[in-house]
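A quick write-up on the structure given underneath.
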Amino acid sequence: MNYKEILWGIISDVNTITEKKEYNKYIKMHPIGKIFALLLYHQYAGLQYGRSLTLQIQNLLFNPRSTPSQGELSKKLQYRLPVELWTKIYQNLLMQAKNIKSKKLGKAISRLIRIIDSTHLTATPSMKWAKHRKTKNGLKIHLMIDGDTIPNAFKLKNGNSSDKKSLKWAIKQDFIYVFDRGYNDFSMFAWIGDQGASFVTRASANIHYETIKNHKVGNRQKEKGILADSVIRVIKDRKSGETLQLRMVSFEFIDSKGDYQNFSLLTDLKTMRSDIIADIYRERWNIEVVFYWIKTFLKVKHWMSRSKNGLLIQLYSALIAYLMVLIARLGNNMHFKIMRDYAHKYSGIILRFLAEYNKFMKIEEFLLFSS
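Here the working numbering is used: the first residue of the sequence shown is 28, the next is one more, and so on.
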């Protein structure tokens with residue numbers, strides 16, 4: 028499936044849901060389908076602010092009434108646009124992305140991996156609901172991706188939210204969750220096991236533990252950088268003295284600067300080979316690539332609305348834009364760097380779509396016009 032077909036499928040879904048829910052009932056100008064396409068164009072175009080976005084499209088289309096003004100767009104985002112529509116389109120794209128077969132780490136393990144991390148987003152002083160510090164507002168997005176860098180789910184929280192207390196929403200039975208040491212909490216580790224899930228994480232530098240048993244490290248594991256494989260005991264609750272047994276796997280690797288680094292991992296995977304556990308943790312770096320792509324190429328640094336509704340719509344638009352490119356890349360088996368090129372292709376085709384909005388009733392007409 029190419030990027031034109033992906034875009035057409037999304038626009039069709041938007042129009043179908045909008046008609047069913049009657050979202051355009053009280054809208055006189057600029058229907059929701061058009062606003063949806065406009066917000067997608069915003070994600071791919073090299074513009075950050077709403078005013079520059081609307082002015083550029085008006086000038087490119089030679090029509091000052093082709094898009095809402097910055098003020099109109101801000102009002103629509105604040106309370107007139109349904110975030111449920113963007114949520115549904117995001118979920119539809121997730122299902123589409125998951126149908127593409129994985130080629131990493133072996134299909135079985137890759138399907139089980141869920142990588143979790145958080146990153147900070149800016150918030151303006153007028154966003155009173157986004158608390159971070161006494162003198163500064165801020166936001167934090169907790170994102171969960173799978174082994175194919177597909178963003179399965181996210182939570183938007185205040186900037187002062189704790190990583191350790193932001194795991195329960197994501198945990199489901201039978202999956203392997205990978206996260207950095209910022210999420211380390213021994214009570215949470217025990218809770219994850221109680222849910223029938225597993226985890227792999229990096230141990231804190233100041234961890235206190237007692238070694239119960241050392242496993243033999245074979246030559247195959249040594250060749251892959253495994254240094255040690257042990258069963259350890261840690262104190263889960265200091266008040267009661269209750270303990271927890273975990274597995275610690277230590278391995279070394281050469282970083283991007285050519286220096287040797289040592290990591291110690293904690294996990295409750297008892298029977299899996301130590302080198303596979305290390306490979307699973309290496310997958311954690313994929314979420315940094317996702318954050319980099321979203322923060323560098325998509326538009327989540329400046330908000331076109333100060334309301335939580337508008338901010339969620341803009342954030343969903345960014346993730347939808349990312350998924351559209353990811354689906355095109357995975358479907359065509361192309362290298363990750365091609366994503367920037369797809370962004371340019373999408374921005375061009377969406378602009379042409381906005382120029383002739385309401386004319387396209389069939390996919391054949393849309394593909395012919397966009398060729």
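The beta carbon of each residue, even a glycine, is placed where N, CA and C say it ideally should be. These figures come from a predicted structure and were not determined experimentally.
- Taking every protein chain shown into account, the CB of N90 has fewer than 16 other CB atoms within 10 angstroms, so this residue is exposed.
- The alpha-carbon of I307 is positioned some 14 angstroms away from that of K297.
- Taking all protein chains shown into account, S344 has 16 or more neighbouring C-beta atoms within 10 Å of its C-beta and is therefore buried.
- As far as DSSP is concerned, F318 takes part in no beta bridge.
- Beta bridge pairing from DSSP links H147 with K167.
- With respect to the 8 angstroms criterion, Q70 and K266 are not classified as neighbours on the basis of their beta carbons.
- Rounded to whole angstroms, the gap between the alpha carbons of R333 and M154 is 6 angstroms.
- The Cβ atoms of I127 and G358 sit closer than 8 angstroms to each other.
- Assigned with DSSP and collapsed to three states, D256 falls in strand.
- At a Cβ-Cβ threshold of 8 angstroms, R260 and E237 count as neighbours.
- Per DSSP, I198 is not a residue of any beta strand (DSSP E), being assigned neither H nor E.
- Out of D144, K243, I321, K102, the CA that lies nearest to the CA of V352 is found in I321.
- Rounded to the nearest whole angstrom, the CA to CA distance from W218 to E32 is 43 angstroms.
- Looking only at M171, P152, L34, the smallest Cα-Cα distance to N164 is reached by P152.
- Taking a C-beta distance under 8 angstroms as the contact criterion, K158 and N185 qualify as a contact pair.
- Taken atom to atom, the span from the alpha-carbon of W330 to that of H147 is near 14 angstroms.
- Excluding sequence positions up to five before and after D282, its CB lies within less than 8 angstroms of the CB of Q288, all in the same chain and listed in chain order.
- Counting every other CB atom within 10 Å of its CB across the protein chains shown gives E111 a total below 16, marking it as exposed.
- Boundaries of the beta strand (DSSP E) around S225: 225-229.
- In the three-state reduction of the DSSP assignment, D40 falls in the helix class.
- Among the bridge pairs identified by DSSP, Q272 is matched with R260.
- Beta bridge pairing from DSSP links S291 with S277.
- In the three-state DSSP reduction, H69 falls in the helix class (H, G or I).
- Between G252 and A305, the C-beta gap is smaller than 8 angstroms, which places the two residues in contact.
- By DSSP's assignment, N185 forms a beta bridge with L166.
- For I239, the enclosing beta strand (DSSP E) starts and ends at 237-242.
- If you ignore the 5 residues before and after I376, its C-beta comes within less than 8 angstroms of the C-beta of Y30, K31, L34, S397, all in its own chain and listed in chain order.
- Looking only at D201, V276, Y319, the smallest Cα-Cα distance to H242 is reached by V276.
- The beta carbon of Y319 is closer than 7 angstroms to none in its chain, skipping five residues each way along the sequence.
- Residue range 335-358 is occupied by the alpha helix (DSSP H) that includes K335.
- From the listed residues F324, E250, L339, D264, the smallest Cα separation to I303 is found for E250.
- Cα atoms of L271 and I84: separation of roughly 59 angstroms, rounded to the nearest angstrom.
- According to DSSP, V205 shares a beta bridge with I142, V227.
- Secondary structure at K372: helix, using DSSP grouped into helix, strand and coil.
- Nearest Cα to G60 within the set R311, R229, K199, N42: N42.
- Per DSSP, reduced to three states, the secondary structure at R379 is helical.
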